[in-house]
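Student: Provided herewith is a single structure, encoded as C-alpha cells, for subsequent inquiry.
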Amino acid sequence: MTLNTTKSTETVKHSALQQHHQQAGEHLQQAAASHLAAAKTLGAGDTKAAQQHAKTASDHTAHARQQVSQAEKIAAPESITEITKAK
128 MTLNTTKSTE TVKHSALQQH HQQAGEHLQQ AAASHLAAAK TLGAGDTKAA QQHAKTASDH
188 TAHARQQVSQ AEKIAAPESI TEITKAK
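Start counting the sequence shown at 128; every next residue gets the next number (my numbering).
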C-alpha cells in the first residue's frame, strides 16, 4: 500500500493564493519602510535621497499590485477572462 502524495488542485490553488498575498504584504511593508526613510531624509534636507526612497517605495507598491493581480487570476480565472474580453 502506498500513500498518495499528490496534492489536490484546490490545495495547490490555496497555497498559491497564500503565497501571492504573502508576497504582496511583504512588498507593502518594504514600501512603508521606504516611505519612512524618505520622510527621514527629507527631514534631514536630503531631497535626492528622499526621491530615491520614494521611487523604491513606488516600485514595491507596483510589485504588490502584481502579486494581488496574480492571486486574482488564480482565484477567479473565469471572471478575469470575462472582464478582459469585455474591455
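Beta carbons: idealized from backbone N, C-alpha and C, even for Gly.
Can you list, in chain order, the residues of its chain whose CB lies under 7 Å from that of residue 156, leaving out five sequence neighbours each side?
Tutor: By 1-based counting over the sequence shown, the position of residue 156 is 29. Nothing meets the Cβ criterion.
Student: Tell me, to the nearest whole angstrom, how far the beta carbon of residue 158 is from that of residue 180; I am working on the premise that it is less than 8 Å.
Tutor: What you label residue 158 is simply residue 31 of the sequence shown in a count that begins at 1. What you label residue 180 is simply residue 53 of the sequence shown in a count that begins at 1. At roughly 10 Å, the Cβ-Cβ gap does not stay under 8 Å, so residue 158 and residue 180 are not in contact.
Student: Mapping DSSP to helix, strand and coil, what is residue 173?
Tutor: Within the sequence shown, numbered from 1, the residue matching residue 173 stands at position 46. Residue 173 falls in the coil class under three-state DSSP.
Student: Under three-state DSSP, which class holds residue 161?
Tutor: As a first step, residue 161 is located in the sequence shown; it is residue number 34 there, counting from the start. If DSSP states are grouped into helix, strand and coil, residue 161 belongs with the helices.
Student: Hey, residue 161 and residue 136: beta-carbon distance below 8 Å or not?
Tutor: Locating residue 161 in the sequence shown gives position 34, counting from the first residue. Locating residue 136 in the sequence shown gives position 9, counting from the first residue. Not closer than 8 Å, so no.
Student: Give me, in chain order, the residues of the same chain whose beta-carbon lies closer than 6 Å to that of residue 128; leave out the 5 immediate sequence neighbours on both sides.
Tutor: If you number the sequence shown from 1, residue 128 lands on position 1. Only weak support is given to the placement of residue 128: the predicted model assigns it a pLDDT of 47, under 50, and the value that follows is read from those uncertain coordinates. Here the set comprises nothing.
Student: Mapping the DSSP letters down to three states, classify residue 143 as helix, strand or coil.
Tutor: If you number the sequence shown from 1, residue 143 lands on position 16. Here residue 143 sits in helix by DSSP.
Student: In angstroms, rounded to a whole number, what distance separates the CA positions of residue 152 and residue 178?
Tutor: Sequence index remark: in the sequence shown, residue 152 carries index 25 (1-based). Sequence index remark: in the sequence shown, residue 178 carries index 51 (1-based). Computed Cα separation, rounded: 23 Å.
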